[in-house]
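As structure tokens, the structure follows; a few thoughts come after it.
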Amino acid sequence: VAPPPTSSTRIPKTVEINGKTYHTDSWFNIPSNVLSLTSRKLHLQKDHPVSITRKIVESVFPAPTYRYYNTFDPVVSTYENFDSLGFPPDHPGRARTDTYYINKSTLLRTHTSAHEAELFRTNPTGGYLISADVYRRDEVDRSHYPVFHQMEGARYWDRNKVPDGNLPAAVLKDLDRLPKHNMTVQDENPPFHMKRNPLQPHHGPWDVEAVGAHLKRSLELMVCEIFTRARKAAVMAEAENSGLSTILASCVVPENEPLEVRWVEAYFPFTSPSWELEVYYQGDWLEILGCGVSQQSLHINAGKPDQVGWAFGIGLERVAMLLFQIPDIRLFWSQDERFLSQFRGVEDNLDKLRPFEPFSKHPACYKDVSFWLKGSSAAGGGTGGATDWHENDLMEVVRDTAGDCVEDVRLVDQFTHPKTGRRSLCYRINYRSLERTLTNAETNEMHQRVVEELVKRLGVEIR
Ligand code: FA5
Ligand code: MG
């Protein structure tokens, strides 16, 4: 049953995305600022940090084994994005609070895995990489944006085409051909029979042992490549800034203490077992990708029941932020020359890669908004309204109204009236432009509009 439309969006009859027209229905929930980003394709914009990052990842997964797919349209069916991957009908990711729908059966992909079922059927080689823009309704802060880019990879082997039908032997032989690295890897996970991550009925333990080992080494090599380049860039910049010649600087790039990574058990409906790879970075473990041994049902449904292999998905912005030391995810969308010019020429010559140098940081301006939720009064007849509340709706109103002038939005206080049962929330909005200093008058006016839109679209009552 289609829920009523979120009050935050007026529904046009049709929308045009990348030259194609789609009919909407009551599921439609895409604000115009998000629609307008569907044509940007940062992963294909030469010398954009997202594109440079894509190239570096591609270099670790070479053709012809891996074939590259970089131009898939962001509009996919609900079936492709969820059902084909085994997402249960009640999976929270399907909700309209989390996903941008054009209509009930058509949406903006939330991940590159939406193309997995099709490529398992049609890709002519033993592996592939996809890079693409993906869309999620989400919170507002320096590492979340409703549009970001993912890279998906897969590698598989056909049981009937390997020597003696010995799949593990063939996979281990390929593993042996991969380069070694000197990272410190923590991996305490048993290779299979984990809770929620059972050995699949079509796999023997040695299949999983071998495929998992190939997967892990391949991804460790990728992370090693990225971090080695990031370190080299930082050292070169430091040397240049202190007046060393670049030739001399390139000789002093140190052998740093080995990079530390760890494998953590994870869960995805379309892999078993599944893991996430975390990197120790500036004192914290940072998740950078999800992966696992592909569910055999996907290969079977693709008409290739004898294929066995692995898949992963990585966030390109997250990697690019580390690689270039980019502090705020909004910067990727900047058309400001002071941003773009810093990366010119890097895609063709990765030795030119340097950390991003922030242009002057403009002052922050914090404004609070406190309100009672719609219909949350006991006297008003129950709790109906309060249960409709979803924070992402507020985030979207803020983005829609103040655009990229908002750096983050945080819940700072909440309160339920002991007698009436009404619920009150207080959010703190940080207004800060990346490109200029906002005037007081401008910020006040913007905040005023945000408050008015919250009342109009979400029916809250300002305190
Ligand atoms: C997925 O999207 C799975 N499709 C990944 C996968 C593919 C698993 C194939 C198994 C096999 P997840 O939602 O965790 O998983 O996202 C994967 C990566 O995308 C994350 O590790 C992170 O690097 C990046 N990512 C996720 N959400 C965001 C976000 N809001 N902003 C920036 N990067 C994000
Ligand atoms: Mg994750």
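Heads up, the sequence shown stops at 917 in full-length UniProt numbering, and the numbers go up one at a time, no gaps.
C-beta atoms are modelled at their ideal positions from N, C-alpha and C, and glycine is treated no differently.
What span of residues does the beta strand (DSSP E) with A720 cover, start to end?
714–722
Quick check: is any heavy atom of the ligand FA5 less than 7 Å from the C-beta of C819?
no
Using the C-alpha atoms, what's the distance from G744 back to F766?
6 Å
Tell me whether the region 601–621 and the region 580–588 touch, counting them as touching only if at least three CB pairs, one residue from each stretch, are closer than 8 Å.
yes
Under a three-way DSSP split, which group does V465 fall into?
The sequence as given places Ile at residue 465; Val does not occur at that position. Here I465 sits in coil by DSSP.
With DSSP collapsed to three states, give me the class of T478.
coil
Leaving out five residues on either side along the sequence, give the residues of the same chain with a beta carbon under 8 Å from the beta carbon of Y476.
T468, V469, E470, V529, I556, N557, T560
Helix, strand or coil for E692 per DSSP?
helix
Among Y735, T566, D527, the one whose alpha carbon lies nearest that of K474:
D527
Endpoints, the alpha helix (DSSP H) within which T507 is located:
503–514
Confirm, please, whether the CB-CB distance from F574 to A756 is below 8 Å.
yes
How is G834 classed by DSSP in three states: helix, strand or coil?
Interpretation of G834 is limited by its pLDDT of 42, a score under 50 that renders its predicted location unreliable; no figure is taken from the coordinates.
Can you give me the C-alpha to C-alpha distance between I883 and P518, rounded to a whole angstrom?
49 Å
Is the beta carbon of P622 sitting closer than 8 Å to the one on W660?
yes
Outcome for V504 when other beta-carbon atoms lying within 10 angstroms are tallied against a minimum of 16:
buried
8 Å contact criterion, which R798 and D501 should meet: CB distance rounded:
5 Å
Can you say whether V601 is buried or exposed, counting buried as having 16 or more other CB atoms within 10 angstroms of its CB?
buried
In whole angstroms, what separates the C-alpha of R784 from that of L626?
42 Å
Considering only heavy atoms of the ligand FA5, does any lie closer than 7 Å to the CB of Q761?
no
Closer than 7 Å to a non-hydrogen atom of the ligand FA5 - does that hold for the CB of A765?
yes
Under 7 Å: does the beta carbon of E606 sit that close to some heavy atom of the ligand FA5?
yes
Helix, strand or coil for S814 per DSSP?
coil
The alpha helix (DSSP H) enclosing V625, as first and last residue numbers
621–631
In angstroms with no decimal places, state the Cα-to-Cα distance between G839 and L912.
Residue confidence is low: G839 scores 46 on pLDDT, short of 50, so the model does not pin down where it sits. No coordinate-derived value is stated.
Selection from P817, P652, V773 that minimises the alpha carbon distance to Q750
P652
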